[in-house]
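This report concerns only the one structure given below.
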Amino acid sequence: MTGQNTRTAEVQVFADRAAITHYLADWLLQQAVAKTSGPFVIALSGGSTPQALYSLMAQEPYASRFPWARMQFFLGDDRFLPHDHPDSNSGMLHRLLFSRVPVPAANVHAMPATGTPEDAAHAYETLLKQFYGADRFEPNRPLFDVNLLGLGADGHTASLFPGQPVLQEKTAWVAPCIPPAAPYTRLTLTYPAIHASRHVVFMVEGAGKKEALAKVRAQDPTCPASAITAMGDVRWLIDTAAAPAL
Ligand SMILES: O=C1O[C@H](COP(=O)(O)O)[C@@H](O)[C@H](O)[C@H]1O
Numbered sequence: 002m003t004g005q006n007t008r009t010a011e012v013q014v015f016a017d018r019a020a021i022t023h024y025l026a027d028w029l030l031q032q033a034v035a036k037t038s039g040p041f042v043i044a045l046s047g048g049s050t051p052q053a054l055y056s057l058m059a060q061e062p063y064a065s066r067f068p069w070a071r072m073q074f075f076l077g078d079d080r081f082l083p084h085d086h087p088d089s090n091s092g093m094l095h096r097l098l099f100s101r102v103p104v105p106a107a108n109v110h111a112m113p114a115t116g117t118p119e120d121a122a123h124a125y126e127t128l129l130k131q132f133y134g135a136d137r138f139e140p141n142r143p144l145f146d147v148n149l150l151g152l153g154a155d156g157h158t159a160s161l162f163p164g165q166p167v168l169q170e171k172t173a174w175v176a177p178c179i180p181p182a183a184p185y186t187r188l189t190l191t192y193p194a195i196h197a198s199r200h201v202v203f204m205v206e207g208a209g210k211k212e213a214l215a216k217v218r219a220q221d222p223t224c225p226a227s228a229i230t231a232m233g234d235v236r237w238l239i240d241t242a243a244a245p246a247l
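Numbering of the sequence shown is given in our numbering, commencing with residue 2 and proceeding in unit increments.
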């Protein structure tokens with residue numbers, strides 16, 4: 002790991018969603034088992050793409066092999082909605098993963114969905130700072146071992162949407178964002194918090210992401226995902242339907 006954040010562009014192309022999902026479940030298991038000191042800390046993404054991964058992690062052999070008690074789960078973003086709302090990322094994760102595996106409830110950190118979005122963002126940031134043990138990031142000391150991210154067709158990632166003020170955030174770790182064309186106010190990790198990840202892993206699938214992916218790969222500054230870096234590496238796991246534009 003270098004002292005500077007990196008956008009190392011490792012791209013792996015897979016036949017389809019199932020191939021990405023199986024590869025990623027195996028890789029996460031390997032990473033989680035290999036980390037023997039301290040918790041294994043993951044930020045999970047929402048949306049549709051990672052749902053097959055979460056379902057797979059709840060099945061054998063993964064369900065009995067992940068060291069759940071040593072794993073800590075945070076969210077990269079969520080809709081500011083009650084957790085039992087069908088569009089809540091927390092609700093989706095609970096249904097597909099957390100209710101099906103022996104992870105201690107105290108190891109799952111949903112984004113708050115009460116009060117104002119500003120209050121909720123502040124509360125989640127406070128939680129992250131307590132967990133990290135400092136209120137500023139130290140070089141070479143990641144907050145997250147792995148940060149899973151998706152890519153929207155408009156180039157957004159987490160809930161960092163094009164043209165939004167949250168993209169300029171330099172100090173807050175968590176912030177609200179009102180997407181211009183997507184429903185619901187969101188809470189999202191900011192660039193500084195995402196950049197404090199050992200590994201950032203993007204999952205990108207389907208022809209609908211081809212154009213956005215091409216822009217990101219060309220470092221188009223209008224695509225928020227273009228600016229993602231990590232303390233270690235940034236990896237892109239993509240399927241052939243999204244790949245031809247590379
Ligand atoms: O809005 C969101 O979309 C992105 C991509 O979602 P997908 O449904 O196209 O897979 C996702 O990464 C993010 O967490 C989610 O809130």
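Backbone N, C-alpha and C define an ideal beta-carbon position, used for all residues, glycine too.
Straight-line gap, residue i to residue j (C-alpha atoms, nearest Å)
i: V14; j: A26; result: 16 Å
i: A226; j: H157; result: 6 Å
i: Q165; j: T191; result: 12 Å
i: Q144; j: A244; result: Sequence check: residue 144 is Leu here, not Gln. When rounded, the distance between both Cα atoms is 31 Å.
i: L247; j: I179; result: Because the pLDDT at L247 is just 47, under 50, the model does not fix this residue reliably, and the point stays unresolved.
i: V202; j: V147; result: 7 Å
i: G209; j: Q52; result: 17 Å
i: P322; j: V109; result: Here the chain has residues from 2 to 247 only, and residue 322 is not among them.
i: P105; j: N141; result: 28 Å
i: A19; j: S56; result: 11 Å
i: E119; j: A176; result: 7 Å
i: I229; j: I195; result: 7 Å
i: M2; j: E206; result: Only weak support is given to the placement of M2: the predicted model assigns it a pLDDT of 42, under 50, and the value that follows is read from those uncertain coordinates. Distance between the alpha carbons of M2 and E206 is about 28 Å.
i: D155; j: M204; result: 15 Å
i: Q73; j: R137; result: 20 Å
i: P181; j: E170; result: 18 Å
i: D221; j: A33; result: 33 Å
i: A124; j: G116; result: 10 Å
i: T223; j: W28; result: 31 Å
i: L161; j: L94; result: 20 Å
i: S46; j: D17; result: 19 Å
8 Å contact criterion, which residue i and residue j should meet: CB distance rounded
i: A111; j: H84; result: 6 Å
i: A121; j: L188; result: 6 Å
i: G233; j: G151; result: Actually they do not touch by this definition, with Cβ atoms about 19 Å apart.
Beta-carbon proximity check, residue i vs residue j, cutoff 8 Å
i: L30; j: R66; result: yes
i: R101; j: A59; result: yes
i: R96; j: D88; result: no
i: L214; j: W174; result: no
i: D78; j: A159; result: yes
i: E11; j: W237; result: yes
Buried or exposed by the 16-neighbour rule on C-beta atoms within 10 Å, applied to residue i
i: F99; result: buried
i: I231; result: Reading off the sequence, residue 231 comes out as Ala, not Ile. It counts as buried.
i: I216; result: Reading the sequence as shown, one finds Lys at residue 216 and not Ile. Result: buried.
i: G134; result: exposed
i: T50; result: buried
i: I21; result: buried
i: A114; result: buried
Which residues have a Cβ closer than 5 Å to any heavy atom of ligand 1, listed in chain order? Having a Cβ closer than 5 Å to some heavy atom of ligand 1 are S46, G47, G48, S49, T50, D78, G151, G153.
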